[in-house]
Each structure stands twice: as structure tokens, then as C-alpha cells.
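**Q** Sharing a structure with you now.
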Amino acid sequence: MQNLPYSYHTFLFPFIWKTENDDTIGKFISLLDTDNWKEQIYGTEGVFPKNDQEEYIPDYAVYQYFTEPARNLIFGMGKDNYMRLFHYNHKGKPWGSKENGDEIGYYVITKKEEVFRLVINNIKLNIYESGTAILAFELENWDARDIEKVNLINEYGRRVIFPFLSPGTTVLTADKIEIIVDGEPIASENFLATSRELEEDFTRVRDNKMSILYIMDPIIDLLDGGKKEKDEGNITSNPNKRGFKIQSLIDDRMFVCCAVTDSSFVDYVRGDYRDGSYRYIRDCDKSHQEFDENLNYVNHTASNDLYRLLFIEKDCTCNSGVMRKEILKRCIYDRFINWGTIHGVCHHSIICVSSGKHVIDAFLTEYVEIAKIALLQRGTITKLSTEAARISDRIDSGDKKGLEEIEALQKTYVKTQSQILLFEVTAQEQGVDLFNMLKNELYIKENKEELDEQMNNLRDVANIRNDRLEREADKLLDRKLAILSVLALIIGVFEVAPIILDPYPSWQKMIVAVVAALFGLFLVLYLASKKNRGNNR
1164 MQNLPYSYHT
1174 FLFPFIWKTE
1184 NDDTIGKFIS
1194 LLDTDNWKEQ
1204 IYGTEGVFPK
1214 NDQEEYIPDY
1224 AVYQYFTEPA
1234 RNLIFGMGKD
1244 NYMRLFHYNH
1254 KGKPWGSKEN
1264 GDEIGYYVIT
1274 KKEEVFRLVI
1284 NNIKLNIYES
1294 GTAILAFELE
1304 NWDARDIEKV
1314 NLINEYGRRV
1324 IFPFLSPGTT
1334 VLTADKIEII
1344 VDGEPIASEN
1354 FLATSRELEE
1364 DFTRVRDNKM
1374 SILYIMDPII
1384 DLLDGGKKEK
1394 DEGNITSNPN
1404 KRGFKIQSLI
1414 DDRMFVCCAV
1424 TDSSFVDYVR
1434 GDYRDGSYRY
1444 IRDCDKSHQE
1454 FDENLNYVNH
1464 TASNDLYRLL
1474 FIEKDCTCNS
1484 GVMRKEILKR
1494 CIYDRFINWG
1504 TIHGVCHHSI
1514 ICVSSGKHVI
1524 DAFLTEYVEI
1534 AKIALLQRGT
1544 ITKLSTEAAR
1554 ISDRIDSGDK
1564 KGLEEIEALQ
1574 KTYVKTQSQI
1584 LLFEVTAQEQ
1594 GVDLFNMLKN
1604 ELYIKENKEE
1614 LDEQMNNLRD
1624 VANIRNDRLE
1634 READKLLDRK
1644 LAILSVLALI
1654 IGVFEVAPII
1664 LDPYPSWQKM
1674 IVAVVAALFG
1684 LFLVLYLASK
1694 KNRGNNR
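Here my numbering is used: the first residue of the sequence shown is 1164, the next is one more, and so on.
Here is the structure:
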């Protein structure tokens, strides 16, 4: 399939834009580089803009594929409009097509002597009202037509930060990542240079650039147009720098959606169906041996190669054949393997290997959107869990504002459950299967159960605190009423006593007045304490 890219790579970077309580979606959007980011507005439900055939046909297919709640997360449709979609068009020009000979942009990955120039098909930004967002790089590999090269592209192209610091070298990251348009780099990250600077002056580089929460420059520069700290409205990942703060929702890697147009690889991992399994399962068993037509022993590595492609590893780190078999059975979706197509899902990626163009097209549109929704769910749960933990700390410290924050968080969670934490996004069987596999690999069910427990605990704490505050308010009111009653009684005694006791000497009048006042005070306090004991039961 030389007339098509050998592989397609969509790197998804989920992040938090709402890191402060007063951050709003409007404020974040106002900081975007408006010269290049253009919003795609679909309007009301079921009404598409009058776009051209190239855009309308895939949008139409996606619309039909998903349920109505899922469409709102993909297109930002409906009255709520809690997702807003932006496309990055450099200087207002859409990305060209290599097939049509247009001027094109490149996502360039350099690692030692290897240079991978991936054609940029699109760069998209989904911004969600929940406080999260997903930046998507949609890329095409036309040149490196080898499955091993695909692995390297995924490994080095997805890293947004050093997984660990190794001054002077770049072990797992690319040496450099550049975004090039019209022959000029518009954003770049030189990991190798930074690593060497760390070796020369660790403290300076650590303080000025390599914060714990660092995100590579191409992401930040694309968002705000390359503004610096001194500029108004800059975006940053450094908590010690001035600017609008964002945080990564995952680790040091972007999530990878990769489609490979290589039918021979499917044939290789499939082999022949024997003993109730395909080759990629059979050769996990070290005792298994296969022989060619000349009875020579064949050392198949199908399970290793498929595992490395799915988990994006240069060398298979799972050297237990038993465990590798269990993982591949769980993560490989071989529903269409006899038609030359396999899919795979893990917590790092979703992959497809097929020679069918319609299969690849469906993967790039529908299945990538499924991955976005799953990542959104995971990220939103993580964000809410972090917020719940923060509020619980404030409750423990006796901050009354925490009760209001719990109520606000509960409302947000209810809204999130109906808008984002969807249990189904499509009625199509293969879509249902892959979505469930993704949720399983991303531990969404387990994390949601933990979040539910956190929210229940917060609600219990809030109820206890509210009951206590109500009792304290009742006590305070009782005290005030008691004081007022005593004052009224004393005033009454001193007003009436002279009339009643007029015949008696003055000292007797005073004794009677004092005794009456003390008796009234005792009576009021007794009644108040009795009421308080009733409240405490």
C-alpha cells in the first residue's frame, strides 16, 4: 500500500486547565493563540456546518456511530455545550495533503541518527467544562515502512518529559522533537541539550525549566503562541512561574492511537489456527516448538513482537510466557483476525493493524474518539478525587467554607456522571467491546468506585458538621433567649415589686426582689439546659 501512509500515529495529551478555583473555560480559551486556533462550531444537535466533502463524510460517519450523550463530547453539540473543539491552522491555513502535493507540516522526531518526519494531518484541542482538555496530534508516517520503526516513532514521539533525570543523556526520550511548517520550526523541544545543561548546571536548569510538572515546549507553545513568562496571558506548567497553570493528567507519556497498514504482520502473528489458538498465543508457551517444511526448528517471536507493538517497547519486558499469554488474551481483540485485522488495547495505547482502508479510516475517526472519551473519564475521575482529598483536609482543619465546597463538588459530580461518565458510547458491538476493554485497562471502574467512596465519606462528614453547627446555633439562640428572659424578669420584678411591697420596709423589698430574680434566672437556665440535653440525644 505504497500510495498510503505505512502507519498513522495520533498522540493524545490529556491535561488539567482548571488548577485554580477561579479558572474558567472562557479565561483559558482567551489565552489560546487566536491567530492559529480556530473553533469548530457544530451548532445545535443534528445540524452540521456546511463544510466540504472531505470533512463532512467522516463527521457524518462519527455522528451515526455514537450515542447522543457521546456526540456531545465529540462535537460539543446540544444546549449544554460542555465541550468546545478547536483546530490548529498555522496562520489560518489548513494542513495540506501529501497525496495532493500540498505544502505540509511535519512532526519531526530525532533520536541519534534516526530522524522520523511525520506528516501533520491535524492538531485538535478538546476543552471540557469539567476542567480538563485533550490535545491531539494526528500524524502520518509515509517513509519508515517497518514495524520496528513504528515502535520507535511511538516510543520517542509520545514522551513529553523525562521519566527520570539522567544528566548528559536521553535514555527514553527523543533527542529532539520539532513541529515544522513551511520549512521552519514553529515549536521545538531539545531534550538532549537540556540533559547536557543539567549535567553542567543542575540547579539553574532545575529552577528555570525542569520543574517536577514540566511539559515539553511544543505543547505549551502551540497553546499560547510561544509567550514568555514576562508576557501577559502566558500558559505554563511550572508552578513557580507566573502564568496560567496547566498540569498533565497522565505520566510522562502521551496516549498513543496507532494504525499500521501491514497485512503481512497480521499473517505473521496469526499463523495457522491449531490447538485452539493462533501463533501469537501458542508461542508464549516455551515448551511449544514449530518446524518448517524441512523439519527445521522455527523460533517464532510473534507474541513478543505483538506485545512490543501494543505496549510500545523496544524489547519485550514481560519475559514470563504464562503472564504474556494472559495479557495478550486480555488485551488483543482478534475478532477480525481471519480477515487480516487485529486490534489491541492497553493503558498506554490502542492499536490497529490491517490492510483495509475502510478499517483504518474507522479506527482514525471512531476508535480514536472512543479513546478520547475513555481518557476524559479517567482524567475527570482523577481530578475530582484530588479535589475531594483537598477538601477533606480543609474539613479536618475546621474550615467552614469546606462545607460549601463539598456541596459544590457534589453538584459537579452529579453533572459529571450524566455528561462524562457514560457507561455506553455506541450501540455498535465492536465499539462496545473496545470501549469496555479501554475502561478495564485504564481502571476506570475501580477508580470510580474509590471516588464514590470518597464522595460518600465527604457527604457523611458534611452531614455531621451540619448537625453540629445546627446544635451549636440552637444553643446560642437558647442562651440569648435566656439572657433576654432574665433581663425582662428583673425589669418586671423591679417595676412591680414597689407596688406590692409598698407597706414593707425597703430592705425587705430588696431581699424579695433579689430572691425573685435569682429564682427566675435558675428557672431559665434549668429549662435551657434541659433543652440542650434533648438536642444532644
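Even for Gly, the Cβ is constructed at its ideal location relative to N, Cα and C.
Classify Arg-1700 as helix, strand or coil using the three-state DSSP reduction.
**A** Reliability fails at Arg-1700, whose pLDDT of 49 lies under 50, so the model's placement of it is uncertain and the value that follows must be treated cautiously. Coil at Arg-1700, not helix or strand.
**Q** Run through DSSP, which three-state label would Asn-1166 get?
**A** Looking at Asn-1166 - three-state DSSP - the assignment turns out to be coil, as it is neither helix nor strand.
**Q** Who are the near neighbours of Leu-1361 in its chain, counting only those whose CB is closer than 8 Å to its CB and skipping five residues on each side?
**A** Counting only Cβ-Cβ distances below 8 Å, and skipping sequence neighbours, we find Leu-1328, Pro-1330, Gly-1331, Val-1368, Arg-1369, Met-1373.
**Q** Mind checking whether Ala-1350 and Asp-1384 have CB atoms under 8 Å apart?
**A** Yes, these two residues count as a Cβ contact at 8 Å.
**Q** What first and last residue would you give for the alpha helix (DSSP H) that runs through Val-1600?
**A** Here residue 1600 turns out to be Met, not Val, going by the sequence shown. Run containing Met-1600: 1592-1604, per the alpha helix (DSSP H) assignment.
**Q** Can you tell which of Ser-1260, Tyr-1441, Trp-1305, Asn-1252 has the C-alpha that lies nearest to the C-alpha of Val-1271?
**A** The shortest C-alpha separation from Val-1271 is found at Trp-1305.
**Q** Take the Cβ of Arg-1700 as the centre, count every other Cβ of all protein chains shown within 10 Å, and call the residue buried at 16 or more, exposed below.
**A** Only weak support is given to the placement of Arg-1700: the predicted model assigns it a pLDDT of 49, under 50, and the question is left unresolved by the model.
**Q** Please identify the residue among Val-1278, Ile-1324, Glu-1318, Arg-1247 whose C-alpha is closest to the C-alpha of Lys-1287.
**A** Nearest option by C-alpha distance: Arg-1247.
**Q** Should Tyr-1445 go down as buried or exposed, given a rule of 16 or more other Cβ atoms within 10 Å for buried?
**A** With the sequence shown as reference, residue 1445 is identified as Arg, and Tyr is not the correct amino acid for it. Buried, by the Cβ-count rule.
**Q** Just tell me which of Tyr-1228, Ser-1170, Gln-1203, Glu-1616 has its CA closest to the CA of Gln-1593.
**A** Selected option, being the one with the closest Cα: Tyr-1228.
**Q** Beta-carbon separation of Leu-1423 and Val-1516 under 8 Å?
**A** Reading off the sequence shown, one finds Val at residue 1423, where the question assumed Leu. Yes, they are a contact pair.
**Q** When DSSP builds the beta bridges, which residues end up paired with Trp-1200?
**A** Bridge partners of Trp-1200: Tyr-1251.
**Q** If I measure Cβ to Cβ from Ile-1316 and keep anything under 8 Å in the same chain, skipping five residues before and after, which residues do I get?
**A** The residues are Ser-1170, His-1172, Ile-1272, Phe-1279, Leu-1281, Asn-1304, Ala-1307.
**Q** Does the stretch 1537-1556 touch the stretch 1433-1442, meaning 3 or more C-beta pairs lie closer than 8 Å?
**A** No, the stretch 1433-1442 is not in contact with the stretch 1537-1556.
**Q** Note down, in chain order, each residue of its chain lying with its Cβ closer than 7 Å to the Cβ of Leu-1175, except the 5 sequence neighbours on either side.
**A** Ile-1297, Ala-1299, Met-1417, Phe-1418, Cys-1420, Ala-1534, Lys-1535, Leu-1538.
**Q** Can you tell me whether Trp-1180 is buried or exposed, with buried defined as 16 or more other CB within 10 angstroms of its CB?
**A** With 16 or more Cβ atoms within 10 Å of its Cβ, Trp-1180 is classed as buried.
**Q** When we look at the beta-carbon of Asn-1482 and count the other beta-carbons within 10 Å, is it buried (16 or more) or exposed?
**A** Asn-1482 is exposed by the Cβ-count criterion.
**Q** Figure out for me which residue from Ile-1583, His-1250, Lys-1312, Thr-1464 has the closest Cα to the Cα of Ile-1475.
**A** Residue Lys-1312 is the option with its Cα nearest to Ile-1475.
**Q** If you follow the alpha helix (DSSP H) that Phe-1428 is part of, which residue opens it and which one closes it?
**A** Run containing Phe-1428: 1426-1433, per the alpha helix (DSSP H) assignment.
**Q** What are the uninterrupted segments assigned as alpha helix (DSSP H) that are 4 or more residues long and contained completely in the stretch 1511-1565, given in chain order?
**A** List check, alpha helix (DSSP H) in window: 1520-1525, 1531-1559.
**Q** I'd like the span of the beta strand (DSSP E) that includes Pro-1348, first residue to last.
**A** Start and end: 1347-1352.
**Q** Look at the alpha carbon of Asp-1185 and the alpha carbon of Gln-1540, and state the distance between them as a whole number of angstroms.
**A** Approximately 23 Å between the Cα atoms of the pair.
**Q** Quick one, are the C-beta atoms of Ile-1342 and Glu-1532 less than 8 Å apart?
**A** No, the pair does not count as a contact, with Cβ atoms beyond the cut-off.
**Q** Which word fits Arg-1405, buried or exposed, when buried means at least 16 other C-beta atoms lie within 10 angstroms of its C-beta?
**A** Exposed: under 16 other Cβ atoms inside 10 Å.
**Q** For Met-1373, does the three-state DSSP call read helix, strand or coil?
**A** Three-state result, Met-1373: coil.
**Q** With DSSP collapsed to three states, give me the class of Leu-1328.
**A** If DSSP states are grouped into helix, strand and coil, Leu-1328 belongs with coil.
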